[in-house]
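Working notes, beginning with the structure itself.
In our numbering, the protein residues as written are 4 to 534.
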């Protein structure tokens, strides 16, 4: 029997025809996604669900989807899909992460022109029968400095277009390497320098705890007087109230926003302000982009349903069914090793070197490499997945090297990850025991045996008496339960490390308490996805 797909949002007719041409039965019901009850009543009939943003795939809907094998999102955002619930149900979630890149970058450039020349206001004035030529005095882009916050896929395209406009481009991105910056023709700077130098600032980063309000009142005050700001990335990157104040004071000369803290944005203090351009999240709204993502999702879903091939999946690697049973624990380990490295640094990464020793060296290393890279990059970009990670790393100029070797030590197999930055190298190794549970076995060359939990505390210190008691007492005083406690050291009196597996997340004030003792070189709270 042919697999059956439901298209519950607006999708290109060409994409629908792809399903049919490939031998997949398809029901095209583009209004169904907005009627959750009607969708719930029929979802158990389908092997695949193709959506955009209107359909909400909740845990409740998934519990009714008894046949569902794959969800395909035409576009990059999957906020409307409960991915953990889908994973538990064994449903693959795919997206099309790069189909909108050029379109979104072009919209940012268009918004920059619009705010530089006050085009929307000039248009409204002229069409109202006025001829206010002297009122709309603009500025050139030529020879101005553009500050690009986030030089990844979309940000990189913006850099390229801005260089073509003969702008001076400075970029802030913790993962931007010197080689990639050189290729883009931009100058890599820290955030404060970008804020001080830029005549225009454009944002191209995901919304995370680290990037939320990256243009806060404090940072807006650091910008050059007369700066113009463009945001076509995510609402929440700018403190909108602070931006209103900066516009009213004249410190910020103009702003162009395609995204807002709350959407749909039907009202905002930014609306109707002089030289503020607002559009309703149009970054991906071109005929070409919508067609591209629709065709891609139809091909990807058809491939999986007909052949088992997986591409652009957010919740599983590209591996065969035979490999999955063996590689599952090792993929989880690879992800943990990458996550450890990623959380330990905020410096630009030049290279990630991965060593596979023993039996793991004979496995599908492409999937394992992707798991390592995704673990590293997710710290800065939670949208990175096992498929897109190598592409994102390449765009950032990060060199990936892989080494296989026969069994050399105590363990039948292990993985060692070394990250290289301009200032240092940092390494971590791990293995999987016979029970399938991953363990850290070496950090910074120091041998350990650490169980991996969701919440962990990592410290380094000189090997002196009292550290164990200090850590235990501090956790006890703050009502933090220690599930496991692992120590390692280079030797008597040399550097030592401790890893605590905790039952709950640790309050930043506890970290400050430990740091204030002066006993530790570093204190770091770590998070791992152990689901």
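Just so it is clear, CB atoms sit at the ideal spot from N, CA and C, and this is done for glycine as well.
- Distances from the alpha-carbon of residue 218 to those of 191, 247 and 190 put 247 closest.
- In this structure, the straight-line span from the alpha carbon of residue 473 to that of residue 297 is close to 57 Å.
- In the three-state reduction of the DSSP assignment, residue 465 falls in the strand class.
- Taking a contact as a CB-CB distance under 8 Å, the pair residue 408 and residue 466 does not count as one, their CB atoms being some 31 Å apart.
- In this model, residue 295 and residue 102 are separated by some 6 Å (Cα to Cα).
- For residue 281, DSSP records a beta bridge to 260.
- Within the region 11–46, the complete beta strand (DSSP E) segments at least 3 residues long are 28–31, listed from N- to C-terminus.
- At the C-beta level, residue 179 and residue 154 come within 9 Å of one another.
- If you look at residue 235, you'll find it isn't in any alpha helix (DSSP H); DSSP assigns it neither H nor E.
- Secondary structure remark: continuous beta strand (DSSP E) runs of at least 3 residues inside the region 469–514, in chain order: 485–492 and 498–505.
- The beta carbons of residue 401 and residue 453 sit about 26 Å from each other, so the pair does not count as a contact at 8 Å.
- Residue 380 is positioned such that its CB atom lies closer than 9 Å to that of residue 341.
- When DSSP states are grouped into helix, strand and coil, residue 530 belongs to the strand group.
- Taking every protein chain shown into account, the CB of residue 48 has fewer than 16 other CB atoms within 10 angstroms, so this residue is exposed.
- When DSSP reads this structure, residue 459 sits in a beta bridge with 504 and 529.
- For residue 358, the uninterrupted beta strand (DSSP E) run begins and ends at 352–361, by DSSP.
- Inter-segment contact for the region 443–451 and the region 505–523 is absent: fewer than three beta-carbon pairs are separated by less than 8 Å.
- About 19 Å separates the beta carbon of residue 303 from that of residue 36, a gap too long to meet the 8 Å contact definition.
- With fewer than three CB-CB distances shorter than 8 Å, the region 171–178 does not count as touching the region 117–124.
- Residue pairing by DSSP places residue 429 opposite 422 in a beta bridge.
- In this structure, DSSP gives residue 165 a helical state, which the three-state scheme calls helix.
- Assignment of residue 65 by DSSP, reduced to helix, strand and coil, places it in the helix class.
- For residue 120, the secondary structure class from DSSP, reduced to helix, strand or coil, is helix.
- Distance from residue 244 to residue 250 at the Cβ level is roughly 11 Å; contact not present, criterion being Cβ atoms closer than 8 Å.
- Straight through space, the alpha carbons of residue 309 and residue 51 are spaced by roughly 11 Å.
- Looking from the CA of residue 284, the closest CA among 363, 457, 81 and 235 belongs to 235.
- If you ignore the 5 residues before and after residue 164, its C-beta comes within less than 8 Å of the C-beta of 108, 109 and 112, all in its own chain and listed in chain order.
- Rounded to whole angstroms, the separation of the alpha carbons of residue 221 and residue 273 is 19 Å.
- When DSSP states are grouped into helix, strand and coil, residue 332 belongs to the helix group.
- Note that the region 409–418 touches the region 357–376; at least 3 beta-carbon pairs, one per stretch, sit closer than 8 Å.
- Listed in chain order, the non-local C-beta contacts of residue 147 below 8 Å within the same chain comprise 170, 171, 202 and 203, local neighbours out to five positions each way being set aside.
- Contact check between the region 369–387 and the region 332–350: three or more CB pairs, one atom from each, fall below 8 Å, which counts as touching.
- With contacts defined by Cβ atoms closer than 9 Å, residue 239 and residue 210 form a contacting pair.
- Just so you know, the alpha carbons of residue 187 and residue 356 end up roughly 24 Å apart.
- In the pairwise beta carbon analysis, the region 312–319 is classified as not touching the region 131–151: fewer than three pairs are separated by under 8 Å.
- Assignment of residue 372 by DSSP, reduced to helix, strand and coil, places it in the helix class.
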